[in-house]
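S.K.:
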Amino acid sequence: MLRTPPVALRFPFQGRWIAENSPANRVPSHGTHLFGTTFAIDFVAIDERGHSAKHGWRSVLATEPPVVFVGFGAPILAPASGTVVAAVDGELDHEARRSQLALIPYALSQTRRVREGVRAIAGNHVVIALEPAGPFVLIAHLQRGSVSAAVGSVVMVGENIGSCGNSGNSTQPHVHVQVTDSTNWPTARGRPIVFERPQVNGGTWLPRNGETFTVA
């Protein structure tokens, strides 16, 4: 059986980031095929010491405000050129939950979010059609009030579409990227992806979990 060739994207941000839930480590990368997340990947912004935010008592015992995280509010860019077919804003940015204690009520509410559908899962998000019939790129968990892309508009790769947030199914500010064959989310199938390698012209790459890199 022939595997679908990966869709090549550009990283949707600048600065220093770390990869999480990468399909380079396992497929499905998020433990499920639901909502076309089979080959999805997450990115968390980090400082020069590799931290997404300073550690304190709240990071061990409680929730944390998203504003203390390096990535919160970072500009998010279109990873490819295309037509915007969905743009959702207005979802709240949740308190972050690095604490295992704070994760308990979050985990208990997971079924409810899945039942409520893509808005509860993706939060504020933008979907770009690379061609009229797809594939479609979803960029999720954007900051409330930041989405600048409008449905029907054509965006160019590297164009600002919003800011990194903590909306939807998110435990700390990060960017979720996936490609699907459809925007009918209950039946959408994920497509493999790769990214332009920052240091290699014409090269592509899919970072593994825990790999850090800088995009100029």
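10 is the number of the first residue of the sequence shown in our numbering; add one for each residue after it.
Ideal Cβ placement from N, Cα and C applies to all residues, glycine included.
Owing to the predicted nature of the structure, the values given are computational and were not obtained by experimental measurement.
What residues match up with Asn169 in a beta bridge as DSSP calls it?
M.R.: DSSP lists Leu86 as partners of Asn169.
S.K.: As an exercise, report each continuous alpha helix (DSSP H) stretch of at least 4 residues that is fully enclosed by the stretch 102-188, in chain order.
M.R.: Within the stretch 102-188, the complete alpha helix (DSSP H) runs of at least 4 residues are 109-117, 119-125, 127-131.
S.K.: Say whether the stretch 83-100 touches the stretch 30-41, bearing in mind that this needs 3 or more beta-carbon pairs closer than 8 angstroms, one atom from each stretch.
M.R.: The stretch 83-100 vs the stretch 30-41: no contact.
S.K.: What are the boundary residues of the beta strand (DSSP E) that includes Val192?
M.R.: What sits at residue 192 in the sequence shown is Thr, not Val. Counting along the chain, Thr192 falls outside any beta strand (DSSP E), and DSSP gives it neither H nor E.
S.K.: What did DSSP end up calling Leu43 once you bin it into helix, strand or coil?
M.R.: Looking at Leu43 - three-state DSSP - the assignment turns out to be helix.
S.K.: So what does DSSP say about Arg25, is it helix, strand or coil?
M.R.: Arg25: strand per DSSP, three-state reduction.
S.K.: Considering Leu215, what are the terminal residues of the beta strand (DSSP E) in which it resides?
M.R.: That residue, Leu215, is in no beta strand (DSSP E); it is neither H nor E in DSSP.
S.K.: In chain order, what residues of the same chain lie with their CB nearer than 7 angstroms to the CB of Ile113, ignoring the 5 residues before and after it?
M.R.: Closer than 7 angstroms at Cβ, skipping near neighbours: no residue.
S.K.: Assuming Gly174 and Gln152 are in contact, meaning their beta carbons sit under 8 angstroms apart, how far apart are those beta carbons, in whole angstroms?
M.R.: Their Cβ separation, rounded to whole angstroms, is 3 angstroms, which keeps Gly174 and Gln152 in contact under 8 angstroms.
S.K.: Looking only at C-alpha atoms, which of Gly126, Gly45, Ala142, Pro201 sits nearest to Val93?
M.R.: Taking only the C-alpha atoms, the option nearest Val93 is Ala142.
S.K.: From Arg217 to Asp51, what distance separates their C-alpha atoms?
M.R.: Going by the C-alpha atoms only, they are around 10 angstroms apart.
S.K.: If you reduce the DSSP assignment to three classes, tell me which class Met10 lands in.
M.R.: Unreliable placement is indicated for Met10, whose pLDDT of 43 sits below 50; the coordinate value is still reported in the next sentence. Coil, per DSSP.
S.K.: Would the beta-carbon of Arg106 fall within 8 angstroms of that of Thr41?
M.R.: No, they are not a contact pair.
S.K.: Just tell me which of Gly59, Pro37, Arg200 has its CA closest to the CA of Ala219.
M.R.: One point to set straight first is that residue 219 is Gly, not Ala, in the sequence displayed. Per the Cα distances, Gly59.
S.K.: What separation, rounded to the nearest whole angstrom, lies between the Cα atoms of Gly154 and Asp98?
M.R.: When rounded, the distance between both Cα atoms is 6 angstroms.
S.K.: Measuring only the C-alpha atoms, how far is Val77 from Thr13?
M.R.: Distance between the alpha carbons of Val77 and Thr13 is about 40 angstroms.
S.K.: Secondary structure at Val93, three-state DSSP: helix, strand or coil?
M.R.: The answer is strand: DSSP assigns Val93 an E or B state.
S.K.: Would you kindly check if the distance between the Cβ of Thr221 and the Cβ of Arg35 is under 8 angstroms?
M.R.: No, the pair does not count as a contact, with Cβ atoms beyond the cut-off.
S.K.: Straight-line CA distance for Ile137 to Ser162?
M.R.: Each residue's Cα considered, the two are about 10 angstroms apart.
S.K.: Which two residues bound the contiguous beta strand (DSSP E) that contains Glu205?
M.R.: Residues 202-205.
S.K.: Does the beta-carbon of Arg200 have 16 or more other beta-carbons within 10 angstroms, so that it is buried, or is it exposed?
M.R.: Under this definition Arg200 is a buried residue.
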